[in-house]
Amino acid sequence: MTTVTDTLDDIAVTAVLVLALSTPGGVTVPAAAAALGRAEAWVRWQVGADRPSDTITAVEDLRTGAIRYRYAHLVVTDTTLIAGALMALTEHGWTQGTHEDALDRVDITGALRLAAGVHPEETPDDPHILDALLAAEDRLAGELGHGPTAVDAGETVAAWQDDPTRTIDEIRALLTTAATR
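For what it's worth, numbering that gives the first Met the number 0 labels the leading residue of the sequence shown as 0, then goes sequentially.
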């Protein structure tokens, strides 16, 4: 399967990984490898999975037991949450019509919230992370050609992604474009 990230060079792919590592949700090696179209060994080397680091921490995900990597000192922005959402969609799978379905698949909003470190049906308590989450929705609505002040960005993105003809490749393309601009 060809992914959107197949067209990105190593520098751009590394940038997306760095952005995703800056989210409270962090990344797992398998999901990052699949989302970025790179080998797990490449991701493990990038995150320093096999060597101690003061920069990147490894924590166990209490929901899944997977090891998640993230920067020790987070700088959460709209761009980092969008990159993290790309990883979350790859890890959990994609659904439409709900933020999270019975199989734990998520829509764009659910993926953004996972990247923000909260459940797909919840919003962050931290005002800075909430601002970044809302800015990420604004940015995605802008990528879809809508001014964030003219529409409710979250509803606009949800309506776009819930179109029955929408594909996961289109979702990935939107997130990749928004994360790399």
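Beta carbons: idealized from backbone N, C-alpha and C, even for Gly.
| Item | Value |
| --- | --- |
| CB-CB length for Leu18 against Ala82, believed under 8 Å | 3 Å |
| Outcome for Ala178 when other beta-carbon atoms lying within 10 angstroms are tallied against a minimum of 16 | buried |
| Cut-off 8 Å between Cβ atoms - residues of its own chain near Ala32, not counting five sequence neighbours on either side | Ala38, Glu39, Trp41 and Val42 |
| Three-pair Cβ contact test at 8 Å for the stretch 91 to 98 versus the stretch 156 to 165 | yes |
| Met86 beta carbon less than 8 Å from that of Ala30 | yes |
| Ala57 - partner residues in DSSP beta bridges | Tyr68 |
| heavy atom of the ligand HEM below 7 Å from Leu73 C-beta | Of the ligands one can find in the structure shown there are none, so the ligand HEM has no counterpart to examine. |
| CA-to-CA distance, Ala65 to Gly153, given in whole angstroms | 29 Å |
| Start-to-end residues for the alpha helix (DSSP H) that takes in Ala91 | Per the sequence shown, the amino acid found at residue 91 is His instead of Ala. Per DSSP, His91 belongs to the alpha helix (DSSP H) from Asp77 to His91. |
| For Val105, the residue or residues it bridges with in DSSP | Trp93 and Glu99 |
| Any C-beta of chain B under 8 Å from that of Thr78 | In the structure shown, chain B cannot be found, because there is only a single protein chain. |
| Counterpart residues of Val26 in DSSP-defined beta bridges | Tyr68 |
| Span of the alpha helix (DSSP H) around Arg171 | Ile167 to Thr179 |
| Contact the stretch 50 to 63 vs the stretch 137 to 151: 3+ CB pairs below 8 Å | no |
| Nearest-angstrom beta carbon gap, Thr89 and Ser21 [assumed within contact, 8 Å] | That belief does not hold up - the Cβ atoms of Ser21 and Thr89 are roughly 17 Å apart, past 8 Å. |
| Of the residues Ala134, Tyr68 and Asp161, the one placed nearest Glu99, counting alpha carbons only | Asp161 |
| Secondary structure, alpha helix (DSSP H): runs of 4+ residues fully inside the stretch 128 to 161 | 152 to 160 |
| Pro119 in three-state terms, based on DSSP | coil |
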